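The structure appears right after this line, and notes come after that.
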Amino acid sequence: MPKHHRSNALFRIRFHGRGGQGVKTASRILGQAFFLAGYEVQDAPRYGAERRGATIFAYVRASHDSIYERGIIRRPDLVVVADETLVEIPAAGVLQGVTKTTVVLIHSKLTAEDWIKRYTPLEKVVILHPVKTRRQELHLDSAACAGAAACLAGVITRDHLQRAIEEEFVGQKGSLVQANLTQALDAYNQMALDSGLVIAGSGDQGTTPASPDWIDLPFEAADISAPTIHAALTSTQVTTGLWRTLRPVVDENICRRCGLCSSYCPEGVISLDDQGIPVIDYVHCKGCLVCVVECPAHAIHAHPEPVPEGEQT
Amino acid sequence: MNETHFHSIKDLSTHHLLGAGTAMCAGCGGLEALQVIYDILGEKTVFINAAGCMTLLSVYPYTPFRGSWLYTAMASAPAGAQGVRDALDILLEKQLIGTDEDLQTVVLTGDGSAYGMGLSATSAAIERGLDFLYICYDNEGYGNTGHQSSGATPHGARTATCRTVHGFSGDKKDLFAIWAAHRPAYVATVAGAEPVDLARKVEKACRLKGPRLLIALAPCPTGWGYDPQETVQVGKLAVACGLWPLKEAVQGKIVHTKPPGKRLPVETYLKTQDRFAHLFEPQRDEQTLHEIQERVDIYWREWEE
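Protein chains in written order, with the working numbering: chain A, 14 to 326; chain B, 12 to 316.
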């Protein structure tokens, strides 16, 4: 009998992605699939204000026993990374609590070896190969991630997965349901060799919580505890360029120096140099691509991120 | 004095004052309008921001502004502006600051606050003749929390709180008319997709004293359901279809600043967004489409007569 069939075993699965990829939906699909497979399930997304491109996590817990654990998953058995650029952002917390036994599923063009070499805690890396490049289909990532995760868990059949998706998208267009099913089942099949790789951890953690490692701070007067910011423009320290999936690149030979891109850029990150050529601030450009559409000379083109090594401009 | 600096898009600044790195969604139509507005207002401004998407512009310890910013509850931004304006006036009167240190008081709210919760406070501020500029970024719903219906949601649109077959059954409130009825110094509708028209109106508002109010159409890729790159196109279509009339009222006299010549059918605009997709699939909702077109036709017929 596989280890995870212990009666008190608890699957702890954490999803990481960006707003717009459907990470919340992925966690719901996987949760529902576990439920159909006879499990007690908890699934919950966690995010701040809703922002396309901003980081989001979601959690799924599944067990044959009652689940008493709540909140953030600190020691995941499986981490699903829908957007590989999140791994390098500490605030996204992708690697938090990852150990040598944690399976990390990354939606990536790189190989598992590349990832293991790059980040020390990674050992059990599984790659889900992206199948689309069209940004309009970004939301389908959720189905692929849920499908792959379902297979890796080893206790969910294709039939459970299919029913979970049909239930999640009830009342939606037939073509949308079909597109999600295709993505999910393809990803499920892609994982066939690694089926059951995820080992559910012990279910005991939730009943014996460790005391939190906080520090008590003395009460301070308002002028000390409520800080005032006197510096202007500090937002530029936030590198929103990491939100990009596509990078706008200006072809100087075609550019007519009209400056329209600078006027329409919602972020205000396009300035003009002495020659009137647009200069895009890639540290902050979120990749909305308004400039690509608005350029009357069609001099701005979208290139996929991340730019492969050796091809950087 | 009344001569405008803005004749074409080339006259707009290509050096932008608002800092990058904010939490606004990629392709935010409201942020696009704010860029143009802030470039013209300049650094000597204090923003009074009611809760909404743009509250996230300034999140400790980060701010994209070059000057001060004050956060208020959703219903209270104009009241906050009154306090700030009064404080500045007292400092000026006591000569504790010079006139060169005076600031333009700018209220910044979304449509949830402007069309709904904050309407009463705005009415009272106009009544008192408060010297301030009000900028409403109108994305036609509570965008910050998942796009629930607001007083600005248009007829037929689907929102998080309105999933019915025909979409939102009510009508978008005519905030321009409500504000204009107070006879403020200046009130105008604008769109980031029409930056020259927008720049001229901000310029005009800056030259006036008293309550000056702008309603900026803020196409919202996240809430309306379209690719972020289409933000300007969606805004231009709203104007070209006659759904978003660009107009201004100075002391009650209303002028359309950019009337669409031959209006495009509203479908051209509606088809670009998922929030109206149910009007076309699985079958065309002729009744609702007709209702939307008819409202636009009636509006323009009344003006053209």
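Backbone N, C-alpha and C fix where the C-beta goes; we use that ideal spot for every residue, glycine too.
Note that the structure is a prediction, hence the values are computed from the model and not measured.
Are the C-beta atoms of residue i and some chain A residue less than 8 Å apart?
| i | result |
| --- | --- |
| tyrosine 82 of chain B | no |
| methionine 12 of chain B | In this predicted model, methionine 12 of chain B has a pLDDT of only 49, less than 50, meaning its place in the structure is not dependable enough to derive any value. |
| histidine 26 of chain B | yes |
| threonine 33 of chain B | yes |
| leucine 102 of chain B | no |
| leucine 29 of chain B | yes |
| proline 75 of chain B | yes |
| glycine 236 of chain B | no |
| glutamine 46 of chain B | yes |
| lysine 21 of chain B | yes |
| glutamate 241 of chain B | yes |
| alanine 37 of chain B | yes |
| glutamate 292 of chain B | yes |
| threonine 279 of chain B | no |
| valine 57 of chain B | no |
| threonine 268 of chain B | no |
| leucine 42 of chain B | yes |
| proline 72 of chain B | yes |
Would you mind working out which of the options sits nearest residue i, comparing C-alpha positions?
| i | options | result |
| --- | --- | --- |
| alanine 197 of chain A | A:Asp207, A:Ser215, A:His173 | A:His173 |
| glycine 140 of chain B | B:Val118, B:His193, B:Leu29 | B:His193 |
| arginine 131 of chain A | A:Glu97, A:Leu153, A:Ala104, A:Glu150 | A:Glu97 |
| valine 277 of chain B | B:Gly263, B:Pro256, B:Gln294 | B:Pro256 |
| cysteine 304 of chain A | A:Gly160, A:Arg41, A:Leu259, A:Gly32 | A:Leu259 |
| isoleucine 7 of chain B | B:Asp149, B:Gly129, B:Thr116, B:Tyr310 | Chain B is shown from 12 up to 316; residue 7 of chain B falls before or after that span and cannot be answered. |
| threonine 124 of chain A | A:Arg64, A:Val111, A:His142 | A:His142 |
| leucine 302 of chain A | A:Ile290, A:Asp287, A:Glu318 | A:Glu318 |
| aspartate 160 of chain B | B:Ser124, B:Pro271, B:Leu45, B:Phe187 | Before going on, a small fix: residue 160 of chain B reads as serine here, not aspartate. Taking only the C-alpha atoms, the option nearest serine 160 of chain B is B:Ser124. |
| valine 138 of chain A | A:Val93, A:His152, A:Gln175, A:Ala157 | A:Val93 |
| aspartate 142 of chain B | B:Lys220, B:Ser131, B:Arg174 | B:Lys220 |
| tyrosine 49 of chain B | B:Pro165, B:Pro75, B:Gly38, B:Tyr71 | B:Pro75 |
| valine 176 of chain B | B:Glu14, B:Lys183, B:Gly129, B:His166 | B:His166 |
| valine 263 of chain A | A:Gly254, A:Thr114, A:Ser275 | A:Ser275 |
| alanine 168 of chain B | B:Thr233, B:Thr299, B:Pro271, B:Pro270 | B:Thr299 |
| asparagine 138 of chain B | B:Glu104, B:Asp182, B:Asp122, B:Ile189 | For the record, residue 138 of chain B in the displayed sequence is glutamate; it is not asparagine. Out of B:Glu104, B:Asp182, B:Asp122, B:Ile189, B:Ile189 has the C-alpha closest to the C-alpha of glutamate 138 of chain B. |
| alanine 61 of chain B | B:Leu107, B:Thr110, B:Val118, B:Asp97 | B:Val118 |
| glycine 53 of chain B | B:Arg77, B:Ala288, B:Ala196, B:Pro72 | B:Arg77 |
Which residues does DSSP pair with residue i in a beta bridge?
| i | result |
| --- | --- |
| phenylalanine 291 of chain B | Beta-bridge pairing links phenylalanine 291 of chain B to no other residue. |
| glutamate 53 of chain A | A:Ser76 |
| asparagine 202 of chain A | BP columns for asparagine 202 of chain A are empty, so no partner. |
| threonine 200 of chain B | B:Ile226 |
| asparagine 60 of chain B | B:Tyr82, B:Leu119 |
| alanine 22 of chain A | A:Ser215 |
| valine 93 of chain A | A:Phe28, A:Leu118 |
| cysteine 147 of chain B | B:Thr120, B:Ile226 |
| phenylalanine 70 of chain A | A:His29, A:Arg59 |
| cysteine 173 of chain B | B:Thr170 |
| isoleucine 313 of chain A | A:Val263 |
| tyrosine 153 of chain B | B:Gln159 |
| tyrosine 295 of chain A | Tyrosine 295 of chain A is not bridged to any residue. |
Would you say residue i faces chain B, with C-beta separation under 8 Å as the test?
| i | result |
| --- | --- |
| serine 248 of chain A | yes |
| aspartate 294 of chain A | yes |
| proline 279 of chain A | yes |
| histidine 297 of chain A | yes |
| valine 36 of chain A | no |
| proline 321 of chain A | With a pLDDT of 48 at proline 321 of chain A, under the threshold of 50, the modelled position of this residue cannot be trusted; read the value that follows with caution. No, its Cβ sits nowhere closer than 8 Å to a Cβ of chain B. |
| valine 13 of chain A | This structure does not reach residue 13 of chain A, given that chain A is present from 14 up to 326, and the question cannot be answered. |
| threonine 253 of chain A | yes |
| tryptophan 128 of chain A | no |
| alanine 161 of chain A | no |
| serine 40 of chain A | no |
| leucine 155 of chain A | Checking the sequence shown, residue 155 of chain A turns out to be serine, not leucine. False, the Cβ-Cβ gap to chain B never drops below 8 Å. |
| leucine 273 of chain A | yes |
Examine the ligand NAD and report whether any of its heavy atoms sits within less than 7 Å of the Cβ of residue i.
| i | result |
| --- | --- |
| phenylalanine 232 of chain A | Questions concerning the ligand NAD fall outside what the structure shown contains, since it holds no ligand whatsoever. |
Subject >> Contiguous alpha helix (DSSP H) assignments of at least 4 residues, all confined to the stretch 78-127 of chain B >> reply: Along the stretch 78-127 of chain B, the alpha helix (DSSP H) occurs as fully enclosed runs of 4 or more residues at 88-104, listed in sequence order.
Original post:
the stretch 193-216 of chain A: which residues have C-beta closer than 8 Å to a C-beta of chain B, in chain order?
Top reply: The residues in question: there are none.
Original post:
Taking a cut of 8 Å between CB atoms, which residues from the stretch 243-257 of chain B lie near chain A?
Top reply: Answer set for the stretch 243-257 of chain B: Val243, Gln244.
**OP:** Note down, in chain order, all residues in the stretch 102-117 of chain A with a beta-carbon under 9 Å from any beta-carbon belonging to chain B.
**Re:** So the list is empty, because no residue satisfies the distance condition.
Original post:
In chain order, which alpha helix (DSSP H) runs of at least 4 residues are fully inside the stretch 26-56 of chain B?
Top reply: Within the stretch 26-56 of chain B, the complete alpha helix (DSSP H) segments at least 4 residues long are 40-52, listed from N- to C-terminus.
Subject >> Continuous alpha helix (DSSP H) assignments of at least 4 residues falling wholly in the stretch 215-280 of chain B >> reply: Runs of the alpha helix (DSSP H) inside the stretch 215-280 of chain B: 242-251.
Original post:
Quick one, which residues of the stretch 155-173 of chain B are near chain A if we go by CB-CB under 9 Å, in chain order?
Top reply: Hits within the stretch, in order: Asn155, Thr156, Gly157, His158.
Subject >> Uninterrupted alpha helix (DSSP H) stretches inside the stretch 245-285 of chain A (no shorter than 4 residues) >> reply: Contiguous alpha helix (DSSP H) elements confined to the stretch 245-285 of chain A occur at 273-277, taking only those with 4 or more residues.
Subject >> Members of the stretch 302-313 of chain A that neighbour chain B once the beta carbon cut-off is set at 7 Å >> reply: Leu302, Val303, Val305, Val306, Glu307: these are the residues of the stretch 302-313 of chain A whose beta carbon lies less than 7 Å from some beta carbon of chain B, given in chain order.
Subject >> Every unbroken alpha helix (DSSP H) within the stretch 99-175 of chain A, with a cutoff of 4 residues, ordered by chain >> reply: Taking only runs of at least 4 residues, the alpha helix (DSSP H) segments lying wholly in the stretch 99-175 of chain A are 125-131, 154-166.
Original post:
Taking Cβ-Cβ distances below 8 Å as the criterion, which residues of the stretch 171-190 of chain A are in contact with chain B?
Top reply: Within the stretch 171-190 of chain A, Lys186 place their CB atoms closer than 8 Å to a CB of chain B, listed in sequence order.
Original post:
For the stretch 219-233 of chain B, which residues have a CB atom closer than 8 Å to at least one CB atom of chain A, in sequence order?
Top reply: Flagged, chain order: Pro232, Thr233.
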